[in-house]
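Peer 1: Per the working numbering, the sequence shown starts with residue 2, numbered consecutively.
Note that CB positions come from ideal geometry on N, CA and C, so glycine has one too.
Questions regarding the structure given below will be posed in turn.
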Amino acid sequence: MPNITIQWFAGRTDQQKRELTQAITQAMVTIGKTTADQVHIVFQDIEKSNW
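Shown next, in the form of structure tokens:
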């Protein structure tokens, strides 16, 4: 079960996160030979001042 954590600067939209989630999930299914329901993605939005 792939667990993927993305740490990036805050400010991305929910739509951007959805699109990235779909792309990463598809890559894990195609390349990682797993199923979409096994892919878990967590976004950590970090303010630039805290980086």
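In angstroms, rounded to a whole number, what distance separates the CA positions of Phe10 and Ser50?
Peer 2: Going from the Cα of Phe10 to the Cα of Ser50 covers about 9 Å.
Peer 1: Considering Cα atoms alone, identify which of Lys18, Glu48 and Ile25 is closest to Asp38.
Peer 2: Of the listed residues, the one whose Cα sits closest to Asp38 is Ile25.
Peer 1: Which same chain residues, not among the five before or five after Ile47, have their C-beta less than 8 Å away from its C-beta?
Peer 2: Only Gln8, Trp9, Phe10 and Ala11 meet the Cβ criterion.
Peer 1: Identify which residue in Thr22, Gly33 and Trp52 has its Cα closest to the Cα of Met2.
Peer 2: Nearest of Thr22, Gly33 and Trp52 to Met2, Cα basis: Gly33.
Peer 1: Run through DSSP, which three-state label would Val43 get?
Peer 2: Strand.
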